[in-house]
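Participant: Residue numbers (this note's numbering), protein chains in the order written: chain A, 1 to 340; chain B, 1001 to 1340; chain C, 2001 to 2340; chain D, 3001 to 3340.
There are 4 protein chains.
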Amino acid sequence: MLYFENDYCEGAHPAILQKLMDTNMEKLPGYGFDPYSDAAKEKIRKACNCPEAEIYFLAGGTQANAVVISTVLNRFEGVIAALTGHINFHEAGAIEYTGHKVFGLPHQDGKIRSEDLQMYLQDFYADKNHEHMAFPGMVYISHPTEYGTLYTKQELTDISALCARYKLPLFLDGARLGYGLVSEGTDVTLADIAHYTDVFYIGGTKVGALCGEAVVFPEKAPAHFMTMIKQQGALPAKGRLMGIQFDTLFTDNLYLTISRNAITTANLLKKALQEKGYRLFLDSPTNQIFVVLENRQMERLGRSVKFGFWEKYNEAHTVVRFATSWATTEEELRQLMELL
Amino acid sequence: MLYFENDYCEGAHPAILQKLMDTNMEKLPGYGFDPYSDAAKEKIRKACNCPEAEIYFLAGGTQANAVVISTVLNRFEGVIAALTGHINFHEAGAIEYTGHKVFGLPHQDGKIRSEDLQMYLQDFYADKNHEHMAFPGMVYISHPTEYGTLYTKQELTDISALCARYKLPLFLDGARLGYGLVSEGTDVTLADIAHYTDVFYIGGTKVGALCGEAVVFPEKAPAHFMTMIKQQGALPAKGRLMGIQFDTLFTDNLYLTISRNAITTANLLKKALQEKGYRLFLDSPTNQIFVVLENRQMERLGRSVKFGFWEKYNEAHTVVRFATSWATTEEELRQLMELL
Amino acid sequence: MLYFENDYCEGAHPAILQKLMDTNMEKLPGYGFDPYSDAAKEKIRKACNCPEAEIYFLAGGTQANAVVISTVLNRFEGVIAALTGHINFHEAGAIEYTGHKVFGLPHQDGKIRSEDLQMYLQDFYADKNHEHMAFPGMVYISHPTEYGTLYTKQELTDISALCARYKLPLFLDGARLGYGLVSEGTDVTLADIAHYTDVFYIGGTKVGALCGEAVVFPEKAPAHFMTMIKQQGALPAKGRLMGIQFDTLFTDNLYLTISRNAITTANLLKKALQEKGYRLFLDSPTNQIFVVLENRQMERLGRSVKFGFWEKYNEAHTVVRFATSWATTEEELRQLMELL
Amino acid sequence: MLYFENDYCEGAHPAILQKLMDTNMEKLPGYGFDPYSDAAKEKIRKACNCPEAEIYFLAGGTQANAVVISTVLNRFEGVIAALTGHINFHEAGAIEYTGHKVFGLPHQDGKIRSEDLQMYLQDFYADKNHEHMAFPGMVYISHPTEYGTLYTKQELTDISALCARYKLPLFLDGARLGYGLVSEGTDVTLADIAHYTDVFYIGGTKVGALCGEAVVFPEKAPAHFMTMIKQQGALPAKGRLMGIQFDTLFTDNLYLTISRNAITTANLLKKALQEKGYRLFLDSPTNQIFVVLENRQMERLGRSVKFGFWEKYNEAHTVVRFATSWATTEEELRQLMELL
């Protein structure tokens, strides 16, 4: 069985496991106060060109979203996201569980447009009854999005400027950030993201770590952020587990280097699919490829390959997702192409 | 200044105040255990043809929605409502504050359609990842809706059957229920509502009471419902205040009698508007009339009449709402018509 | 049956009902923007000697506590209260429902002592692990307390100074404030309370209103307080109901005048009890009298008088509560004394 | 610097890291549906003598407590725990954050006594106003406790029987369970725990894992437990990380074998402390040793050894904690003894 279902089906990049081995019996303080966490943070600050950034390591994406959003929002506020945003659908109501509404904006291939955001904000404040409504308190975007698409630097600049005008923190979910940063044709760098957002996270789980997301506040984290992490059950006793992994990922550019493999293999796959006449649901520049399959074809292929069910296209067709990753090999690609 | 802004701008129907006076110095138990609350409940059970119904009195609509929804839902569930549903917009995120998501369905003049509901539910359960999503746990409808429209008995039957099939409690927000029950042409009775829903409330605040909504569980309330009311700060010490009001409203059919005045005056107003060439935004059969006004016309009229701002129609026009009530007089109507 | 079970067993003071009658058909804006609410607020500001105070009317005590505490606290904070504090026991976990811990301090006849508070705060900050604990974020006291006792001005000053030193808002629950203010021997005035606390409420429900508590922020309410009131389902559409009541209560000193009746009758009752050899559980200077009854005596008396069960004293005795109110008459007293 | 501050200062037991290496490039399903998670669960079921148990892996102790308690409790319920219980103090209000109260019972060396529990429950239900209070909905005990003490089988039986009588689920926090199970003199086995509780967890983080706690429901987990784990941000994408670790820990009895080292070294240390005249704060039979140090002595010792600050004993003395673990070596012990 070939495996293209997602980008988190292996363990960790071998360099990470090696570092865990090498440091295993060192006695270190808990809760992120170990020297590896410090080193990782320092390296991330450099990579973000953001010497004052406050950085915290959390275990996973839903956790990172729930902790960041619920600590940054005021009680009377909700978060604006694309209707397709991960927080709006696939996190089991984790944001609402913390007491906050998610406002769904229309999307274009998973991205929100600054025009739509502006209209939403204008209409909200123009409504004379808006004191009876939850206030917009934050804007959430994902990059890459749930459809693998990327914001351009111009789009990011526009959204960021709009957020600043309305005093709304901008939060970027970078669960797959590595794959976005090395996509061909993107003009958005890690430093740009640190510049244009108020908080974002650098995904580890989907980019070679066993677990872990690095939450970056380029300027300042909310007061007593650590206590609130603990309050949400998200403070790891052995903070070293995250620290060592991110220290490794941000040494010698490993994070970007291994991300490139996902892009290279995705591009090869995309080309092969197109050559064989498959219909792409949209043109994703990163490691997620969405294909419209005829249902029986989907069933047949599913006997030899694992891929992701995405959404119904129509009665006879389904959108499925093939994901490559830091670990995808040319041999796997070759086998997949034979089956297509 | 004429006042057509809403249906809660007066105090209470005089019979209610009289009864409060008459019973004022009686010493009664608190928390709803007084004989007036008992009598009111018994009269409501009769009116609903529902001898086993459990009934609780709460102070207002947002409170009733938040208490009912958050006590009926399981923790992993959200509530389905029309995108225009009151709980989705105008309650300051009160549902999400209790930890639950509101799923917005498309609407037709404020109503959800059973076809849309069915598609939503089918798609949800067809999605192989639905264990990663908040579950639909209840359906919320309002009757009359936020646009003054009404479900037909057939529509209610269809939605109810669908809910039963998916084991979803059906909750009807009756903040303006009186106005719906006496609308010309409706085929839905109070007994129908008790039959087709799992919980609903009979609005008092907007239909002649100082405050108060009667929450009716035709079969059974959640266990320890009173404790949860208290937990949400919604248990009135002097339960008599609600009991006496609903006892009065459900004596000699007062609730329906006073509701009729709102419909009669609304119909007169609608006719006058149409004769003068005004454009109705939609055809509401109850006491809320939505009119599309040219912006300067709106401004001019606003100097002599209070009405509700509803939504922008386009750059030059706005949708406004005129509401009649149990208290609207023919003299007020006459004065308004002169201004139109 | 005589009724001394609590101080909220009648309707409202007749002057309040009269004013509700007189203003009933006036058409007024909702949500507290009516002129009666404005007038009431202005009169309360004067009575508090606090011209800048922000004032909001809520319907009941648990609601006022839950709204104030959950809007003033930061997310990582809890509230300090006496173990016997109303919020700690008799509000069904309403504070915890909003996500915040109640820290129980030892009490002396229902009051917290500044020494205990100081020790608690010192120990908290001395604990090197305190970042792993919920922070103290507010101090809650009740005046009169749940045992009818009162803080002296010196005690209030000391607690207030300690709160200021630790930057903790001080919140005073005045559900029975009237009875405290007119107690013989108290040296605490309404202006003192406004001076020494950061937020407090003036109880209406137990002091002659149908419902209603006036929440006073002597300096400033939290931003968007009204939206958060709505979010907790506590914003009354007909704000006039509260406004008119408090306008009446703060006209010509009515609030204090009617409170005095409760104290006069309580003092007479206390004297009678002592003369007849009853044992007082503690010496309460307000309208709640706690008596230790032998269980069979309690049962016998219970056939003719309603009083409150308070707590088990020992196997053979029980503490019960007799409450007088603004409405207690000499005739009722006389009948009770005959039974004792 | 010697390190006796806690039992989670190393990485993982080498066998765990080896297994992570060996399986690293296998492509496995996420979210706990991998074969290692299955194998680990099966081994735990056997060890618990509980073939029907439902088992879930979470990342840490506070998370496990918050997820279990908030999913098992009804909305109107709180959890009973010793005043010293971890959930009551050192988890930043994580339980209250989910909306539930913690009821603090008196404790004896960290344990609750069934007599105190019984009195609490009797008093609660005897109180005629208990519908106005949060209901007891669960009993939480830790084993070993926060003071390293252990329940006897008789104590566990009594508490369990009492819980059954009141229909209260019994939850055992086993963050250090391994150390309790192999303590000399304990008569409580893993199978006993599965028999006498309704849910418990087997601690990994403090007993040789990088992270991870195995939550065991001997009979049945709450419906849609996985969705609620996700909702609290606690569902790991790479469930294999936990599965592989627990599979290793429960292969060939590794969990108990490595736990024994902590007990052996703790006993040696205890003996040495007593011989040198140190005063033990209490007699803990597991791996945490609490010593009363004179403050200057504490300071001097602190220059060469890391230990835990526990609580102030009096002005001149402090209680500190020395913890041994699966990794403590005789050489470390020897060095520590020289310093004492």
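Positions of the beta carbon are idealized from the N, C-alpha and C atoms, including for glycine.
Given the structure is predicted, the values throughout are model-derived calculations rather than measurements.
Classify B:Met1021 as helix, strand or coil using the three-state DSSP reduction.
Facilitator: Counting from 1 along the second sequence, the entry for residue 1021 of chain B is found at position 21. In the structure shown, B:Met1021 sits in a helix (DSSP, three-state: H, G or I).
Participant: Leaving out five residues on either side along the sequence, give the residues of the same chain with a beta carbon under 6 Å from the beta carbon of A:Gly178.
Facilitator: Position 178 of the first sequence, counted from the start, is the residue given in the question as residue 178 of chain A. If we look at A:Gly178 and ignore the five residues flanking it on each side, its Cβ neighbours are Val207, Tyr255 and Ser259.
Participant: Considering only the beta carbon of each residue, do D:Ile3289 and D:Arg3321 sit closer than 8 Å?
Facilitator: Counting from 1 along the fourth sequence, the entry for residue 3289 of chain D is found at position 289. Counting from 1 along the fourth sequence, the entry for residue 3321 of chain D is found at position 321. In this structure, D:Ile3289 places its C-beta atom within 8 Å of the C-beta atom of D:Arg3321.
Participant: Where do the N-terminal and C-terminal ends of the alpha helix (DSSP H) with B:His1195 fall, by residue?
Facilitator: Locating residue 1195 of chain B in the second sequence gives position 195, counting from the first residue. Going by DSSP, B:His1195 is part of the alpha helix (DSSP H) stretching over Leu1190 to Tyr1196.
Participant: Determine whether the beta carbon atoms of A:Asp7 and A:Ala209 lie at a separation below 8 Å.
Facilitator: As a first step, residue 7 of chain A must be located in the first sequence, where it is residue number 7. As a first step, residue 209 of chain A must be located in the first sequence, where it is residue number 209. No, they are not a contact pair.
Participant: Would you please verify whether the beta carbon of B:His1195 is less than 8 Å from any beta carbon of chain D?
Facilitator: Here residue 1195 of chain B corresponds to residue number 195 of the second sequence, with the count starting at 1. Output row for B:His1195: interface = no.
Participant: In chain A, which residues lie with their C-beta within 9 Å of the C-beta of B:Phe1004?
Facilitator: Position 4 of the second sequence, counted from the first residue, corresponds to residue 1004 of chain B. Neighbours of B:Phe1004 on chain A: none; closest Cβ ~16 Å, over 9 Å.
Participant: What residues match up with A:His317 in a beta bridge as DSSP calls it?
Facilitator: To locate residue 317 of chain A, count along the first sequence from 1; it is residue 317. A:Glu294.
Participant: Do we get a CB-CB distance below 8 Å when we pair C:Lys2128 with the residues of chain A?
Facilitator: In the third sequence, residue 2128 of chain C corresponds to position 128, counting from 1. Output row for C:Lys2128: interface = no.
Participant: Would you mind sorting C:Glu2010 into buried or exposed? The rule is 16 or more other CB atoms within 10 Å of its CB.
Facilitator: Walking along the third sequence from the start, residue 2010 of chain C turns up at place 10. Looking at its Cβ environment, which holds 16 or more other Cβ atoms inside 10 Å, C:Glu2010 is buried.
Participant: Apart from the five residues on each side of it in sequence, which residues of its chain come closer than 7 Å, Cβ to Cβ, to A:Phe200?
Facilitator: Translated into positions along the first sequence, residue 200 of chain A becomes position 200. Excluding sequence neighbours, A:Phe200 sits near Phe171, Leu172, Gly174, Ile193 and Val216.
Participant: Closer than 7 Å by beta-carbon distance: list the chain C residues that pair up with D:Lys3101, in chain order.
Facilitator: Mapped onto the fourth sequence, residue 3101 of chain D falls at position 101. Neighbours of D:Lys3101 on chain C, chain order: Gly2093 and Glu2096.
Participant: May I ask you to verify whether the stretch 116 to 125 of chain A touches the stretch 89 to 98 of chain A, counting CB pairs closer than 8 Å and requiring at least 3?
Facilitator: no
Participant: If I follow the unbroken beta strand (DSSP E) through C:Ser2037, where does it start and stop?
Facilitator: Taking the first residue of the third sequence as 1, we reach residue 2037 of chain C at position 37. Element bounds for C:Ser2037: not the beta strand (DSSP E) but the alpha helix (DSSP H), Pro2035 to Cys2048.
Participant: Is B:Gln1063 close to chain D, meaning its C-beta is less than 8 Å from at least one C-beta of that chain?
Facilitator: In the second sequence, residue 1063 of chain B corresponds to position 63, counting from 1. By this cut-off, B:Gln1063 is not an interface position.
Participant: Taking contact to mean 3 or more Cβ pairs, one atom from each stretch, closer than 8 Å, check whether the stretch 120 to 140 of chain A and the stretch 1071 to 1086 of chain B are in contact.
Facilitator: no
Participant: Report the rounded CA-to-CA distance for C:Ala2223 versus B:Gly1099, giving the unit in angstroms.
Facilitator: Mapped onto the third sequence, residue 2223 of chain C falls at position 223. Mapped onto the second sequence, residue 1099 of chain B falls at position 99. C:Ala2223 and B:Gly1099: Cα-Cα distance of roughly 22 Å.
Participant: Evaluate D:Leu3062 with the Cβ neighbour count: other Cβ atoms within 10 Å of its Cβ, from every protein chain shown; 16 or more gives buried, anything less gives exposed.
Facilitator: In the fourth sequence, the residue the question calls residue 3062 of chain D occupies position 62. Checking the displayed sequence, the identity of residue 3062 of chain D turns out to be Thr instead of Leu. Buried, since its Cβ has 16 or more Cβ neighbours within 10 Å.
Participant: Under 8 Å, do A:Leu268 and A:Leu181 count as touching if we go by C-beta distance?
Facilitator: Taking the first residue of the first sequence as 1, we reach residue 268 of chain A at position 268. Taking the first residue of the first sequence as 1, we reach residue 181 of chain A at position 181. No, these two residues do not count as a Cβ contact at 8 Å.
Participant: Which of the three DSSP states, helix, strand or coil, is assigned to A:Gln122?
Facilitator: As a first step, residue 122 of chain A is located in the first sequence; it is residue number 122 there, counting from the start. DSSP places A:Gln122 in helix when its eight states are reduced to three.
Participant: Excluding sequence positions up to five away, which residues of its chain have a Cβ less than 6 Å from the Cβ of A:Gly148?
Facilitator: Within the first sequence, residue 148 of chain A is the residue found at index 148, counting from 1. If we look at A:Gly148 and ignore the five residues flanking it on each side, its Cβ neighbours are Ser284, Thr286 and Gln288.
Participant: At a CB distance below 7 Å, what residues from the stretch 3024 to 3045 of chain D approach chain A? Give them in sequence order.
Facilitator: Asn3024, Met3025, Lys3027, Leu3028 and Gly3030
Participant: I need the straight-line Cα distance from C:Ile2044 to C:Gln2245, nearest angstrom please.
Facilitator: In the third sequence, the residue the question calls residue 2044 of chain C occupies position 44. In the third sequence, the residue the question calls residue 2245 of chain C occupies position 245. Their Cα atoms are separated by approximately 12 Å.
Participant: Can you tell me the Cβ-Cβ gap for B:Ala1066 and B:Pro1236, rounded? I've got them flagged as a contact below 8 Å.
Facilitator: Numbered from 1 along the second sequence, position 66 holds the residue referred to as residue 1066 of chain B. Numbered from 1 along the second sequence, position 236 holds the residue referred to as residue 1236 of chain B. Their Cβ separation, rounded to whole angstroms, is 15 Å, which puts B:Ala1066 and B:Pro1236 out of contact at 8 Å.
Participant: Below 9 Å on C-beta distance, what does A:Glu131 contact in chain C?
Facilitator: The count along the first sequence starts at 1 and reaches residue 131 of chain A at position 131. Per Cβ cutoff of 9 Å: Tyr2031, His2224, Met2226, Thr2227 and Lys2230.
Participant: Can you find the residues in the same chain that come closer than 7 Å, C-beta to C-beta, to A:Lys153, ignoring five residues on each side of it along the sequence?
Facilitator: Within the first sequence, numbered from 1, the residue matching residue 153 of chain A stands at position 153. Closer than 7 Å at Cβ, skipping near neighbours: Asp187, Val188 and Asp192.
Participant: Specify, as a first and last residue, the run of the alpha helix (DSSP H) that B:Met1242 falls within.
Facilitator: Start at 1 with the first residue of the second sequence, and residue 1242 of chain B comes out as number 242. That run of the alpha helix (DSSP H) goes Arg1240 to Leu1249.
Participant: Note the first and the last residue of the continuous alpha helix (DSSP H) segment covering D:Tyr3255.
Facilitator: Counted from its first residue, the fourth sequence places residue 3255 of chain D at position 255. For D:Tyr3255, the enclosing alpha helix (DSSP H) stretches over residues Leu3254 to Glu3275.
Participant: Say the cut is 7 Å; is the CB of D:Phe3246 nearer than that to a heavy atom of the ligand COA?
Facilitator: As presented, the structure is devoid of all ligands, the ligand COA included, so that no description of it is given.
Participant: Excluding five sequence neighbours on each side, which residues of the same chain lie with their C-beta closer than 8 Å to the C-beta of C:Phe2057?
Facilitator: Locating residue 2057 of chain C in the third sequence gives position 57, counting from the first residue. Spatial neighbours of C:Phe2057 in its own chain (CB-CB distance under 8 Å, excluding positions within 5 residues in sequence) are listed in chain order as Gly2032, Ser2037, Ala2040, Gly2212, Glu2213, Ala2214, Val2215, Pro2236, Gly2239, Met2242, Gly2243 and Phe2246.
Participant: Could you tell me the alpha carbon to alpha carbon distance between C:Gln2274 and C:Ala2266, rounded to whole angstroms?
Facilitator: One-based indexing of the third sequence puts residue 2274 of chain C at position 274. One-based indexing of the third sequence puts residue 2266 of chain C at position 266. Inter-residue distance for C:Gln2274 and C:Ala2266 is about 12 Å (C-alpha atoms, whole angstroms).
Participant: Between which two residues does the alpha helix (DSSP H) harbouring D:Thr3161 extend?
Facilitator: By 1-based counting over the fourth sequence, the position of residue 3161 of chain D is 161. Reading off the sequence shown, one finds Ala at residue 3161 of chain D, where the question assumed Thr. Here the alpha helix (DSSP H) through D:Ala3161 covers Lys3153 to Arg3165.
Participant: If you drop the 5 nearest sequence neighbours on each side, which residues of the same chain put their C-beta closer than 6 Å to that of B:Tyr1196?
Facilitator: One-based indexing of the second sequence puts residue 1196 of chain B at position 196. Once the five neighbours on either side are set aside, the close Cβ partners of B:Tyr1196 are Leu1156 and Ser1160.
Participant: Indicate the three-state DSSP secondary structure (helix, strand or coil) for D:Gly3180 in the structure shown.
Facilitator: On the fourth sequence, residue 3180 of chain D is found 180 positions in, with the first residue counted as 1. The answer is helix: DSSP assigns D:Gly3180 an H, G or I state.
Participant: Compute the Euclidean distance between the alpha carbons of B:Glu1026 and C:Thr2329, then round it to the nearest angstrom.
Facilitator: Residue 1026 of chain B sits at position 26 when you count from the first residue of the second sequence. Residue 2329 of chain C sits at position 329 when you count from the first residue of the third sequence. Looking at the two C-alpha atoms, the distance is approximately 13 Å.
Participant: What does A:Thr205 reach in chain D if we use C-beta pairs closer than 9 Å?
Facilitator: For the purposes of this step, residue 205 of chain A is taken as residue 205 along the first sequence, with counting starting at 1. The contacting residues are Pro3236, Ala3237 and Lys3238.
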